[in-house]
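Put into structure tokens, the structure is as follows:
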């Protein structure tokens, strides 16, 4: 798994590497500028064919220093380049000052950034480089916010003008992705060494355009508390190696009353396809005929409320439980959740099983145990953790989705998965992982009814097979997106489990 860093973590890695002589700041700045220069032409080969005109916006810090390097490289390639500077390099930006001096020494054009300069410089330009602020980004305000807004308007009007952000679009927080004062709307963002959390959260993805991460010569030192990006599972992790179904667990999915069983059936199909040896749907007696008409390889049991569920759980071979999809919001749901959690088996709680406790979340957390996985979407998360959701949404705070989720997992005492285009998973103690369905891995067709129910089934199936909760959730969410991308536009939730065999063959 690759690390996804905050701005502070990135700066700490740079300082540590330089302190022990493993990196030199001026060399890093040259490498960063070269990485952006090369990535521009890799992304748009047509710009490589003949020199054109570029405008480079340089801030007063090291991000601005990267901009001066890019300006110099473009000019050496034969481009006409003008720098619009938001102040001169300040204290602590000696390398930026040296690169600004090199730019001026070669006769490079430069003037102060303001609204008038933008109006004059941008028309007819092929490129605009945003090197105002990087991982040390601040919220835009005052004249600068107005100029960035004007930049976005002019770029949209120009059509052919491409905006490239250096490390992060100016205005976007490296830690939270929030951009309370607006942000540069880039076509391409070139990140250095590791992607930053802000590339994936809140306003970051919309501002970044395409995202490319480039090495700049920093050593691969680990960062102990970084969010980890979920890697594809391996065939050895997932594919069966023995021939007996009882070696792969027995998943039990609870279904709701008549007319509400579809969600549980989709979860059950997901659990079966992902490799649980056996899957049973348990439903009220009056819903048995409805479910029996639509289940084949999946077994079916009718139960009489919580007492019937308790009796069913006397079978110790039932190795993982899933409650919530289509279960209903009545008092019986709370009782069923209590019975499930008292059984102490790996349990996925989703949808109605979460919403039922929206007014008594602490009661749910008191019952939860470390082998549980809660899978809320943003609305369900806000009902269970209203204070954390407010911090997460508040543009005035630096609290990110990752920060909020870590606190939520500690509070709940179990693994929590927060669904979204950038799905985050955290377990008590601080482990946090991110799976991106953004940029080159986007799967917008996952926004369809029932997709979350299938994800719950995937997690339950892996729990039944013996995966730890954090690993079950991580593998499931990666496979979920891979299934969606394998199918493509037109996807409905029922299609997701049926893509697993093809996805498994790619591992």
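In the UniProt record's numbering, the protein residues as written are 1 to 507.
Even glycine gets a Cβ: it sits at the ideal position worked out from N, Cα and C.
Cβ-Cβ distances below 8 Å link residue 355 to 329, 380, 383 in the same chain, with the five nearest sequence neighbours on each side left out; the list follows chain order. For residue 228, DSSP records a beta bridge to 3, 433.
When the alpha-carbon of residue 322 is set against those of 270, 363, 292, the nearest one is in 270. Along the length of the stretch 172-252, whole beta strand (DSSP E) runs at least 3 residues long occupy 188-192, 210-214, 227-229, reported in chain order.
For residue 299, no alpha helix (DSSP H) segment is defined; the enclosing uninterrupted segment is the beta strand (DSSP E) at 299-303. Secondary structure in the stretch 310-385: the beta strand (DSSP E) runs of 3 residues or longer, each lying completely within the stretch, are 320-323, 347-349, 372-374 in chain order.
In the same chain as residue 460, and ignoring 5 residues on each side of it, the C-beta atoms closer than 6 Å to its own belong to 251, 271, 320, 322, 348, in chain order.
In this structure residue 25 does not touch residue 105 by the C-beta definition: roughly 20 Å separates them, more than the 8 Å allowed. For residue 20, there is no enclosing beta strand (DSSP E), since its DSSP letter is neither H nor E. In this structure, the straight-line span from the alpha carbon of residue 195 to that of residue 242 is close to 39 Å. Taking a C-beta distance under 8 Å as the contact criterion, residue 22 and residue 222 do not qualify as a contact pair. In the three-state DSSP reduction, residue 58 falls in the strand class (E or B).
Judged by DSSP in its simplified three-state form, residue 89 adopts coil rather than helix or strand. The Cβ neighbour count for residue 224, taken over all protein chains shown within 10 Å, is under 16; the residue is labelled exposed. Inter-residue distance for residue 11 and residue 262 is about 50 Å (C-alpha atoms, whole angstroms). According to the DSSP assignment, residue 414 belongs to no alpha helix (DSSP H), since it is labelled neither H nor E. Restricting attention to 186, 216, 173, 183, the CA atom closest to the CA of residue 198 is found in 173. The secondary-structure analysis by DSSP pairs residue 168 with nothing; it has no beta-bridge partner. The stretch 383-394 makes no contact with the stretch 157-171; the number of CB pairs closer than 8 Å stays below 3.
Boundaries for residue 468: no beta strand (DSSP E) harbours it, and the DSSP string shows neither H nor E there. Beyond the five residues adjoining it in sequence on each side, residue 431 comes within less than 7 Å, by CB distance, of 470 in the same chain, given in chain order.
DSSP places residue 274 outside both helix and strand once states are collapsed to three, so it counts as coil. The straight-line gap separating the alpha-carbon atoms of residue 18 and residue 217 is approximately 11 Å.
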